[in-house]
Structures are given as structure tokens and as C-alpha cells.
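S.K.:
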Amino acid sequence: MPVLEARGLRKFYGALEVVAGVDLAVPRGECFGLLGPNGAGKTTTLRLCLGLTDPDGGEISLLGLPVPAAARRARAKVGVVPQVDNLDPDFTVRENLLVYGRYFDLPQRDIAARMPELLEFAGLTGRAGAKINTLSGGMKRRLTLARSLINDPDVLFLDEPTTGLDPQARHMIWERLKSLMGQGKTLVLTTHFMDEAERLCHRLSIMDHGRIIASGPPRELISRYIEPQVVEVYGEGVREWAGSQGAGLAERTEIAGETAFCYARDAQALIAGLNGRAGLRYLHRPANLEDVFLKLTGRDIRD
Amino acid sequence: MLSTLRFFRAPRLSPRFMPVWRRNFLVWRKLAIPSMLGNLADPMFYMLALGYGLGSLLPDVEGIPYITFLAGGTVCYSTMNSATFEALYSGFSRMHVQRTWDAILNAPINLDDILLAELFWAASKSFLSGMAILLIIWVLGLSHSWLALAIIPLVILIGLTFAALGLTITAVSPSYDFFMYYFTLAITPMVLLCGVFFPVSQLPPWLQDISAWLPLTHAIELVRPLLQGQIPPRAALNLAVLAGYAAAGFYAALVLTRRRLLK
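For the protein sequence lines, the chains are A and B, in the order given. When the letters of the first sequence are read in order and numbered with the numbering used here, they come out as residues 69 to 371. When the letters of the second sequence are read in order and numbered with the numbering used here, they come out as residues 194 to 456.
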């Protein structure tokens, strides 16, 4: 039985349907990613799955329990890393973990016993007595992640776990998440970083306007929706080139700003043609998840 | 939408409020001394300065020295103030600014448990403020009756009443600035109209009519006679009004906070 299953989820804010019939099934041990532009309904979907808001339609089962009816019992075995850090600024690192453990009704000595392991996981062993406002962004995120593990959860919900972090801190979070997957934990995460999704997720769904528009393992999505090779061309006269020569050599061409994205099964002819053109520069690379994402959700800015 | 109706369902209260109350207690313990001073100093100086200063110019009020008269009002006023500040400013910080409630909601604790914890917590803090004034009253020898001990549980009820009312304001507040309305339109009028500084009977009838509806009036009608060793003449009514405000206020706070956070 899946750890998390949702069928026909719907949620309205006024007349706006922010979740418009979402189906999810996440088996045990999987890292599942929910991708989508801002406002696609990712966070609302997570909140529905946790029983933090009632659906206007559909059914949810989390760890075999119906949500929202038995959401509190389900949350006893769930960890959550929210999008915005909400560590308790009045407390030290250690007190944050202690107080959070009490919310799960854990005995003081159980929390104390888990403390060294969690501090080490967060890389904060030497900072147990530090105030929250003295920690860096990466440290706070790691502590939030450690806090979500205080109850030894079976499933973790992570809402944009690395947004706002520098590359070093992101890699550190990814490494921690991989070690949790190694322990057999189920991960459900939202992100709009394609490299994060590609790196971590066994399977993902792309969401837009409250609906899931594509699902599958990352490599499979790429091969299903995108030609394997991409040549990005930019420089003087790129539009004119793309309209004439480029269009004939690539299966599909998209222009965004001053760059032409040329998608092709075989890019040899394209590159040969480009090498003869002064003023045009190019980048030849394999197709990735971002190409899928942009193809499916469009290149328009979302606010 | 259908889910909106669920904001109105009956409170679901459980002992799970306890860890949330303890969280607030742990924070308070770190800042106990400045926090106590802040809550205490203001009503205490009003009582001492007005009671002795102004009181020396006044004849007895309702048959007792002015400071003794003022003492009963100050216990209630101090309790009200402390519960109100906690439910408004500190409650709002935890709900909106620090997002502490959001973090707690991800654990197996419901919003109803959090609101109950905040209600009890604000009442706990205001209990200390009320007790501190009562202690000063005893030390100054302003009350000699065993009946005054009945004020101890009463202060808990008064604290719950004003905590519940404060939480409804917090639930609809967009920012700290909004609290000015509540202080200007509710708290200050109560301090002036409910008999803290002078008997309500001195007011013109139309102001007395307003006063009769305000919870602080009923708190003072209970506490003042008890300090003098008298049974309050309208005790049942006074208790019912305070309990009514507490229950209605808490339910309103619950509905409004659910609407705000669980939408």
C-alpha cells in the first residue's frame, strides 16, 4: 500500500480552483517530487496531504490513515520541513529540538537520547547552546531538517528544502536527504530547482494551474517529451539565423529573449552550420528536466 | 465552499495543549524578571500614587479609604492588562511573525489545542499579575478578611475572560498597529467606565448603562466586596457574565483563527 495516496483532490480559494483534481501515489521508500511554477498549487497540495486544510473534494490516505479525519494520528509518524524557516528564535538549538519533541508527546529521556545524533546530523554538535539568530541560513535549514526527524518519521514532507541556500549548503542538504533515503524513509518534496529534482527524485509529477500535467521518473520524462540534444544559440542575428537556417536543421526551435533553443535528435548538422557563422555562439548539451518543464509550463513569467 | 462550514464546528479540546503551554512557559522563564516588572509596575504605581496621593485629598469612597477602594479595581485592571497584552502582542508574534504556530501544526497538535494553550497561558501570566497586586494589598494591610481568598480563583476566571477576548482580536489582526483600536475602543473605556478609579454610580445614567455590559465591571463587582469581607450582592450574575464573555470570546477566536490559518 502506498505511504501517501490522494485521489481527485480539489481545493478552492474563493472562485479560484488552486488544486483541480490531483492524484498521487507514493510507495514506501520513494523520493517523490512535485514540480511546478510559483502558484501551481504545490504547497496547497502538501497542506492537504498533511490535514492542515480540508479539501473541497477527493480523498487522502497518509500512512494508511484517512486525512483529514485522522490527520493528527498520521502526523505522529510524519516529519515536515516547511518552506519558510520557523525555528523558535527564543530558544537555543538544543531547546528547539527538545520543545519540538514534546509536541510529539515524546518522553524527555527519549528526546535527550536522540539529541546527539540529531545535532550531528545537522552538523551543529558544537553549537547546541547557540541562539537561532546566530546561525547561518544553511545551519538553520539543517536544524529544521533535524527537527523534522525528532519523532523518527516514516515519511518526510519537504516544501522547497533548498530555496534561498548557497550551492555549498544545497549540496549538504542533498547529501543529508540521500542518507535519509538510504535509511528507507519516504520523501515527498516540492521544488522548482530542476537539478534538485533530477538528482534526488525517483519519480516526479509536474504541476501547473492546480493539475498534474506529467508524471514519471526524470529520465523517462526527458525522453518522452524532449529531443535528446539541445543547442542553445545566442549572439548577433540569432533570430534571423533561427528563422532561416536553424529551423531547417533542428526538429524544434524556441526563442526566449536573445537565445534560440534548438532541439534535435542529431545535432551534428546544426553544429557544423554554426561553426561557420561569425558572431553566433552556442552551447551544446543533453536535454534535461528544465527543458521538459519549460516545454510543458511555458516560458511566461509567473508571479 | 463546504469546507468553510467546518470552521464553525465545536471546539475539539484535548490535553495536547500542554506542550504548547510549556513552550511558552520555557520562554517566559528566560525573561521572567523584566516580564514581571513590566506587568506589575504600571498598575502598582497607579494604585500607590493615586491611592495615597489623590486619596489623601478625598473623603472615604463608599465608606472606605480611597486606596482600599482603588485596590479592588487594581487587582482586576492588572489582570485584564496582563492577559490582554499576552493574547495580543505575544500571541500575534507567535502566530504571525515567528510562525511558531505553523511549526506546531506540523506536529500531532491541532489549532484548537494551540488556541487553548494560548488561552491558558495568557490567563496564567495574568494570574501572576493579579496575585502580585493582591499580595501588595495584604502587605499594606488593606484587607483583613478570609473571604479575600476567594479572589484567587476569581483572578483565574478574569484572566480567561480577557485572554479569550484578546485572542479574537489577534485572530483578525493584520499587524501590531491594529491593536491600538482595541486599546482605544475597548480597554481604555473599560478602565475608565467600569469602576476602577471611582464608583460607577458617579457616571450619568447612559454611561452606567454601557458600563453594565462591560466585563471589567462585573469583575470589579466581585472583587471589591470580597476584599472588604462582604459577599458580592450580584455574584451569580457577575460570574455568568464573565464566563459568558470567556466562552463566547474563545469560540469566536477559534472560528476566526481557523479561518485565518486553515483556509
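Each residue gets a CB set at the ideal place from its N, CA and C atoms; glycine is no exception.
1) Strictly under 8 Å for the Cβ-Cβ distance: is B:Lys456 near chain A by that measure?
2) Can you tell me whether B:Phe238 is buried or exposed? The criterion is at least 16 other CB atoms within 10 Å of its CB, across all chains shown.
3) Could you give the distance in angstroms between the alpha-carbon of B:Leu247 and the alpha-carbon of B:Phe390?
4) Quick one: grab the DSSP three-state call for A:His270.
5) Just to confirm my understanding: we take A:Ser216, look at its own chain, exclude 5 residues before and 5 after, and list those with CB closer than 7 Å. What are they?
6) From A:Val298, A:His277 and A:Asn219, pick the residue whose C-alpha is nearest to that of A:Ala181; which is it?
7) Are A:Tyr81 and B:Ile297 touching if we call contact CB-CB under 8 Å?
8) Just the Cα atoms here: how many angstroms apart are B:Pro435 and B:Leu409?
9) Output needed for B:Ile413: all residues of its chain with C-beta closer than 8 Å, excluding positions within five of it in sequence on either side, in chain order.
10) Considering A:Asp227, what are the terminal residues of the beta strand (DSSP E) in which it resides?
11) Pull up the distance between the alpha-carbon of A:Asp124 and that of A:Ala142, whole angstroms please.
12) Could you please give me the residues that DSSP links to A:Ile128 through a beta bridge?
13) Between which two residues does the alpha helix (DSSP H) harbouring A:Cys117 extend?
14) Tell me, please, which residues DSSP counts as bridged to A:Glu85.
15) Tell me which residue opens and which closes the alpha helix (DSSP H) that A:Arg320 is part of.
16) What runs of the alpha helix (DSSP H), each 4 residues or longer, lie entirely inside the segment 205-282 of chain B?
17) Is any beta-carbon of chain A found at less than 8 Å from that of B:Ala296?
18) Am I right that B:Tyr438 and B:Thr361 are in contact with their C-beta atoms under 8 Å? What's the rounded C-beta distance?
19) Indicate whether A:Glu98 and A:Thr254 have their beta-carbon atoms separated by less than 8 Å.
20) If you reduce the DSSP assignment to three classes, tell me which class B:Asp402 lands in.
21) From A:Ile339 to A:Met262, what does the alpha carbon distance come to, in whole angstroms?
22) Kindly identify the DSSP beta-bridge partner or partners of A:Cys330.
23) Tell me, please, whether the segment 204-213 of chain A touches the segment 82-101 of chain A by the rule of three or more beta-carbon pairs shorter than 8 Å.
24) Given a limit of 8 Å on CB to CB distance, which residues of the segment 166-191 of chain A reach chain B?
25) Tell me, please, whether the CB atom of B:Lys223 is closer than 8 Å to any CB atom in chain A?
26) Could you give the residue range of the beta strand (DSSP E) that holds A:Pro354?
27) Given A:Ala144, which residues of its chain have a CB within under 7 Å of its CB, disregarding the five upstream and five downstream residues?
28) Any C-beta of chain B within less than 8 Å: which residues of the segment 106-121 of chain A qualify?
29) Between the segment 290-304 of chain A and the segment 350-358 of chain A, do three or more beta carbon pairs fall short of 8 Å?
30) Name the DSSP beta bridge partners of A:Val284, please?
31) Which value, in whole angstroms, describes the spacing of the CA atoms of A:Gly169 and B:Ser207?
32) When you compare only the Cα positions, how much space is there between A:Val135 and A:Asp156?
33) Just curious, the beta strand (DSSP E) that A:Leu255 is in, first and last residue?
34) Could you spell out the range, first to last residue, of the alpha helix (DSSP H) harbouring B:Val384?
35) Run through chain B and tell me which residues come within less than 8 Å of A:Val148, C-beta to C-beta.
36) Identify, in the order they occur along the chain, each residue of the same chain with its Cβ nearer than 6 Å to the Cβ of A:Ala129, setting aside the five sequence neighbours on each side.
M.R.: Answer, in terms of the structure:
1) Here residue 456 of chain B refers to the residue found at position 263 of the second sequence. So yes, B:Lys456 belongs to the interface.
2) Sequence index remark: in the second sequence, residue 238 of chain B carries index 45 (1-based). With fewer than 16 other Cβ atoms within 10 Å, it is exposed.
3) Here residue 247 of chain B is taken as the residue at index 54 of the second sequence, counted from 1. Here residue 390 of chain B is taken as the residue at index 197 of the second sequence, counted from 1. Their Cα atoms are separated by approximately 11 Å.
4) To locate residue 270 of chain A, count along the first sequence from 1; it is residue 202. The answer is coil: DSSP assigns A:His270 none of H, G, I, E or B.
5) Position 148 of the first sequence holds residue 216 of chain A. Only Gly147, Val148, Val149 and Leu224 meet the Cβ criterion.
6) Position 113 of the first sequence holds residue 181 of chain A. Checked all of A:Val298, A:His277 and A:Asn219; the closest Cα to A:Ala181 is A:Asn219.
7) The count along the first sequence starts at 1 and reaches residue 81 of chain A at position 13. The count along the second sequence starts at 1 and reaches residue 297 of chain B at position 104. No. Outside cutoff.
8) Here residue 435 of chain B refers to the residue found at position 242 when the second sequence is read from its first residue. Here residue 409 of chain B refers to the residue found at position 216 when the second sequence is read from its first residue. In the sequence as presented, Pro is not what sits at residue 435 of chain B; that position holds Leu. Cα to Cα, B:Leu435 sits roughly 8 Å from B:Leu409.
9) Counted from its first residue, the second sequence places residue 413 of chain B at position 220. If we look at B:Ile413 and ignore the five residues flanking it on each side, its Cβ neighbours are Gly265, Gly266, Cys269, Cys387, Gly388 and Val389.
10) Here residue 227 of chain A corresponds to residue number 159 of the first sequence, with the count starting at 1. Looking at the DSSP string, the run of the beta strand (DSSP E) that includes A:Asp227 is Val223 to Asp227.
11) Numbered from its first residue, the first sequence carries residue 124 of chain A at position 56. Numbered from its first residue, the first sequence carries residue 142 of chain A at position 74. Rounded to whole angstroms, A:Asp124 to A:Ala142 spans 20 Å at the Cα level.
12) Numbered from its first residue, the first sequence carries residue 128 of chain A at position 60. According to DSSP, which records beta bridges pairwise, A:Ile128 is partnered with A:Ala74 and A:Val135.
13) As a position in the first sequence, residue 117 of chain A is number 49, starting the count at 1. Where A:Cys117 is concerned, the enclosing alpha helix (DSSP H) stretches over Lys110 to Leu118.
14) As a working mapping, residue 85 of chain A is identified with position 17 in the first sequence. A:Glu85 pairs with A:Phe80.
15) Position 252 of the first sequence holds residue 320 of chain A. Element bounds for A:Arg320: not the alpha helix (DSSP H) but the beta strand (DSSP E), Arg320 to Ala324.
16) 211-223, 225-241 and 259-278
17) Along the second sequence, one-based indexing puts residue 296 of chain B at 103. For B:Ala296, the answer is yes, since a Cβ of chain A falls inside 8 Å of its Cβ.
18) Indexing the second sequence from 1 puts residue 438 of chain B at position 245. Indexing the second sequence from 1 puts residue 361 of chain B at position 168. At roughly 10 Å, the Cβ-Cβ gap does not stay under 8 Å, so B:Tyr438 and B:Thr361 are not in contact.
19) Looking up residue 98 of chain A in the first sequence gives position 30. Looking up residue 254 of chain A in the first sequence gives position 186. Yes, they are a contact pair.
20) Sequence index remark: in the second sequence, residue 402 of chain B carries index 209 (1-based). In the structure shown, B:Asp402 sits in a helix (DSSP, three-state: H, G or I).
21) On the first sequence, residue 339 of chain A is found 271 positions in, with the first residue counted as 1. On the first sequence, residue 262 of chain A is found 194 positions in, with the first residue counted as 1. Cα-Cα distance, rounded: 26 Å.
22) Reading the first sequence from its first residue, position 262 is the one you call residue 330 of chain A. DSSP, once it has assigned bridges, lists A:Val299 and A:Thr321 as partnering A:Cys330.
23) no
24) Val167, Tyr168, Arg170, Tyr171, Phe172 and Asp173
25) In the second sequence, residue 223 of chain B corresponds to position 30, counting from 1. Closer than 8 Å: yes.
26) Sequence index remark: in the first sequence, residue 354 of chain A carries index 286 (1-based). Here the beta strand (DSSP E) through A:Pro354 covers Leu348 to Pro354.
27) Locating residue 144 of chain A in the first sequence gives position 76, where the first residue counts as 1. Cβ neighbours of A:Ala144 beyond the five flanking positions: Phe172 and Asn219.
28) Leu118, Leu120 and Thr121
29) yes
30) As a first step, residue 284 of chain A must be located in the first sequence, where it is residue number 216. In the sequence on display, residue 284 of chain A carries Gly and not Val. A:Leu272, per the DSSP bridge assignment.
31) Indexing the first sequence from 1 puts residue 169 of chain A at position 101. Indexing the second sequence from 1 puts residue 207 of chain B at position 14. Near 18 Å, if we compare the C-alpha coordinates of B:Ser207 and A:Gly169.
32) Here residue 135 of chain A corresponds to residue number 67 of the first sequence, with the count starting at 1. Here residue 156 of chain A corresponds to residue number 88 of the first sequence, with the count starting at 1. So the two alpha carbons sit approximately 28 Å from each other.
33) Mapped onto the first sequence, residue 255 of chain A falls at position 187. Element bounds for A:Leu255: Thr254 to Thr259.
34) As a working note, residue 384 of chain B is residue 191 in the second sequence. Looking at the DSSP string, the run of the alpha helix (DSSP H) that includes B:Val384 is Thr381 to Leu386.
35) Counted from its first residue, the first sequence places residue 148 of chain A at position 80. Per Cβ cutoff of 8 Å: Asn299.
36) As a first step, residue 129 of chain A is located in the first sequence; it is residue number 61 there, counting from the start. Ala is not the amino acid found at residue 129 of chain A; the sequence shown has Ser there. Here the set comprises Glu73.
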